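Protein chains in written order, with the numbering used here: chain A, 26 to 146; chain B, 5 to 118. Backbone N, C-alpha and C define an ideal beta-carbon position, used for all residues, glycine too. The structure presented is a predicted model; accordingly, all values stated were derived computationally and were not measured. Accompanying notes for the structure given below.
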Amino acid sequence: GDSVTQMEGPVTLSEEAFLTINCTYTATGYPSLFWYVQYPGEGLQLLLKATKADDKGSNKGFEATYRKETTSFHLEKGSVQVSDSAVYFCALSDRPIIGLTGGGSQGNLIFGKGTKLSVKP
Amino acid sequence: ETGVTQSPTHLIKTRGQQVTLRCSSQSGHNTVSWYQQALGQGPQFIFQYYREEENGRGNFPPRFSGLQFPNYSSELNVNALELDDSALYLCASSRLGDPNYGYTFGSGTRLTVV
Numbered sequence: 026g027d028s029v030t031q032m033e034g035p036v037t038l039s040e041e042a043f044l045t046i047n048c049t050y051t052a053t054g055y056p057s058l059f060w061y062v063q064y065p066g067e068g069l070q071l072l073l074k075a076t077k078a079d080d081k082g083s084n085k086g087f088e089a090t091y092r093k094e095t096t097s098f099h100l101e102k103g104s105v106q107v108s109d110s111a112v113y114f115c116a117l118s119d120r121p122i123i124g125l126t127g128g129g130s131q132g133n134l135i136f137g138k139g140t141k142l143s144v145k146p
Numbered sequence: 005e006t007g008v009t010q011s012p013t014h015l016i017k018t019r020g021q022q023v024t025l026r027c028s029s030q031s032g033h034n035t036v037s038w039y040q041q042a043l044g045q046g047p048q049f050i051f052q053y054y055r056e057e058e059n060g061r062g063n064f065p066p067r068f069s070g071l072q073f074p075n076y077s078s079e080l081n082v083n084a085l086e087l088d089d090s091a092l093y094l095c096a097s098s099r100l101g102d103p104n105y106g107y108t109f110g111s112g113t114r115l116t117v118v
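Structure representation (structure tokens):
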């Protein structure tokens, strides 16, 4: 079945360092890909998404590009801050968006195990 | 625009008991999904509800059941609790048919089974 594999943590960086969190996926169809972030004691927040190959999702300085040829969706940020300390989850949606006229479809999300990031001042 | 709210935030139950968790979906959303997140793991899909009917289910036994109400709020019921059911239970709402869809997650209910 479909699955997501992301690099194991924890990852500890100094403020302003470059961040990469690797994520690869296995899927039979054409999934949408997501990065979610979970701050301590909170639920999940959508960080960014990409719905088709070569799409780049970006938000708050984070970026990830949907690479179909390498089945990857690596998360990057050029300069991390202490406030970025959290657990990051890569996820895929196992059914594609059909669109408004077709009724649309929210497939369930399949998550990786998460990567804990700690940023030191 | 209100977000997703879950109740209670924490609870402790004894093995064999039954529990009901509640979720109010975000305004304008019509689909509710439930996820189980064990400690140190990613969330696992339990099931999804749309128009008050189950619209997909993950690999969870029948003692996990749910309801969706006309106002799109939802309940997750777990019977015959086991120690391994201890986890953070997350509710997520979305809008079926919206090509710009996204899931909005609640903060979760932390269930401890002793």
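Per DSSP, cross-strand counterpart(s) of residue i
{"i": "residue 10 of chain B", "result": "B/27"}
{"i": "residue 59 of chain B", "result": "The partner list for residue 59 of chain B (beta bridge, DSSP) is empty, contrary to what the question assumes."}
{"i": "residue 82 of chain A", "result": "A/89"}
{"i": "residue 16 of chain B", "result": "B/116"}
{"i": "residue 96 of chain B", "result": "B/37, B/109"}
{"i": "residue 51 of chain B", "result": "B/38, B/61"}
{"i": "residue 111 of chain A", "result": "A/142"}
{"i": "residue 51 of chain A", "result": "A/28"}
{"i": "residue 117 of chain A", "result": "A/58, A/135"}
CA nearest to the CA of residue i, picked from the options
{"i": "residue 6 of chain B", "options": "B/86, B/29, B/112", "result": "B/29"}
{"i": "residue 59 of chain B", "options": "B/13, B/106, B/48, B/72", "result": "B/72"}
{"i": "residue 82 of chain A", "options": "A/102, A/69, A/68", "result": "A/102"}
{"i": "residue 63 of chain A", "options": "B/62, B/108, B/89", "result": "B/108"}
{"i": "residue 56 of chain B", "options": "B/49, B/46, B/70, B/44", "result": "B/70"}
{"i": "residue 52 of chain B", "options": "B/87, B/117, B/79, B/32", "result": "B/79"}
{"i": "residue 66 of chain A", "options": "A/85, A/116, A/110", "result": "A/110"}
{"i": "residue 139 of chain A", "options": "A/119, A/42, A/100", "result": "A/100"}
{"i": "residue 143 of chain A", "options": "A/60, A/37, A/133", "result": "A/37"}
{"i": "residue 15 of chain A", "options": "A/94, A/70, A/34, A/44", "result": "What the structure shows of chain A is the stretch from 26 to 146, and residue 15 of chain A is not part of that stretch, so it cannot be assessed."}
{"i": "residue 110 of chain B", "options": "B/62, B/75, B/94", "result": "B/94"}
{"i": "residue 64 of chain B", "options": "B/45, B/44, B/46, B/89", "result": "B/89"}
{"i": "residue 32 of chain A", "options": "B/98, B/45, B/10", "result": "B/45"}
{"i": "residue 70 of chain A", "options": "A/76, A/61, A/54", "result": "A/61"}
{"i": "residue 34 of chain B", "options": "B/100, B/24, B/49, B/114", "result": "B/100"}
{"i": "residue 53 of chain A", "options": "A/28, A/45, A/44", "result": "A/28"}
Residues that residue i contacts on chain B, provided the C-beta gap is smaller than 8 Å
{"i": "residue 138 of chain A", "result": "44, 45, 46"}
Residue range of the unbroken beta strand (DSSP E) whose run includes residue i
{"i": "residue 133 of chain A", "result": "Neither: residue 133 of chain A is in no beta strand (DSSP E) and is coded neither H nor E."}
{"i": "residue 40 of chain B", "result": "35 to 41"}
{"i": "residue 118 of chain B", "result": "Looking at the DSSP string, residue 118 of chain B is not in any beta strand (DSSP E), and its letter there is neither H nor E."}
{"i": "residue 104 of chain A", "result": "Per DSSP, residue 104 of chain A belongs to no beta strand (DSSP E) and is neither H nor E."}
{"i": "residue 71 of chain B", "result": "68 to 72"}
{"i": "residue 89 of chain A", "result": "87 to 90"}
{"i": "residue 72 of chain A", "result": "69 to 75"}
{"i": "residue 78 of chain B", "result": "78 to 82"}
{"i": "residue 45 of chain A", "result": "44 to 46"}
{"i": "residue 58 of chain A", "result": "57 to 63"}
Contacts of residue i in chain A (Cβ-Cβ under 7 Å)
{"i": "residue 70 of chain B", "result": "Correct list: empty, because the minimum Cβ distance to chain A is about 13 Å."}
Under 8 Å from the C-beta of residue i: neighbouring residues of chain A
{"i": "residue 146 of chain B", "result": "The structure shown does not extend to residue 146 of chain B, since chain B is modelled only from 5 to 118, so the question has no answer here."}
{"i": "residue 62 of chain B", "result": "133"}
Where residue i meets chain B, residues with beta-carbon distance less than 9 Å
{"i": "residue 114 of chain A", "result": "46, 47"}
{"i": "residue 58 of chain A", "result": "What residue 58 of chain A touches in chain B: nothing, since even the nearest Cβ is about 13 Å away."}
{"i": "residue 71 of chain A", "result": "106, 107, 108, 109"}
Proximal residues of chain B, C-beta to C-beta of residue i below 7 Å
{"i": "residue 68 of chain A", "result": "94, 109, 110, 111, 112"}
Cβ separation of residue i and residue j, assumed to be a contact under 8 Å, to the nearest whole Å
{"i": "residue 54 of chain B", "j": "residue 96 of chain B", "result": "That pair is no contact at about 13 Å."}
{"i": "residue 18 of chain B", "j": "residue 118 of chain B", "result": "6 Å"}
Contact with chain C by residue i, beta-carbon distance below 8 Å
{"i": "residue 104 of chain A", "result": "The chain inventory of the structure shown lacks chain C, comprising the protein chains A and B."}
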